[in-house]
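Peer 1: One structure, pasted below without further comment.
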Amino acid sequence: MKHLLITAAALALATAALASEVRAEVVDAQPNGFQVKRTAVLSAPADKVYAALSQPSQWWNKDHTWSGSAASLSLAPMAGGCFCEKLPNGGSVMHMTVVYAQPGQGLRLSGALGPLQMSGATGHLGWSLAEKDGKTTLTQTYDVGGYMTGGLDKIAPVVDQVLGEQFDRLKIYVETGKAP
């Protein structure tokens, strides 16, 4: 029981520390679009962060895949590259297409994630990296526009939560070599 309490206390402290290091927000939300943004300082050089971005199978939560397996995800970090997912029985999903790839500096993708694929909306997911003293400030933005029944502003907080979880998992993966 003592070990369980110590573990719970350590987890609470780690979660609080992570939350204090990450700034997150729904920047804007309108019926025709929204922007969500996150920024954190990662204890790793920019080239390591960039390399990790191209390995979503290592840090993306399987609960936010169509296949139920993060191992089915891939990302080709080059213009025209695919952020794709293999599905059972030979199926596949193209989540987004890479429109900008600059190692150590930034990665930008175009497309719609999750339920947004079933609407008239599309988005731009971008990560910018700025290294200083061996640490990297990573900023993630997702701008979405178009049409969705009921308005895109209604889904913005959910998208922010889901992308925030992936961002947090990426940070932990970069800094520890393991995703939660």
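Note that the working numbering has the sequence shown beginning at 1, numbered continuously upward.
Yeah, the Cβ is synthetic: ideal placement off N, Cα and C, and Gly gets one too.
1) Alpha helix (DSSP H) containing W59: first to last residue?
2) Compute the Euclidean distance between the alpha carbons of T15 and A29, then round it to the nearest angstrom.
3) Please classify G81: does DSSP put it in a helix, a strand, or coil?
4) Smallest Cα separation from L113: which of L138, T39, C84, G90?
5) Taking all protein chains shown into account, decide if A179 is buried (16 or more other Cβ within 10 angstroms of its Cβ) or exposed.
6) For the alpha helix (DSSP H) containing D168, list its first residue and its last residue.
7) Could you give the residue range of the alpha helix (DSSP H) that holds L109?
8) With a 10 Å radius around its C-beta and 16 neighbouring C-beta atoms as the bar for buried, classify A79 as buried or exposed.
Peer 2: Taking the geometry as given:
1) 56-59
2) For T15, the pLDDT reaches just 40, beneath the cut-off of 50, and the residue's location in the model is therefore unreliable, although a value from the coordinates is still provided. Distance between the alpha carbons of T15 and A29 is about 27 Å.
3) coil
4) C84
5) buried
6) 156-176
7) Premise fails: L109 lies in the beta strand (DSSP E), 106-111, not in any alpha helix (DSSP H).
8) exposed
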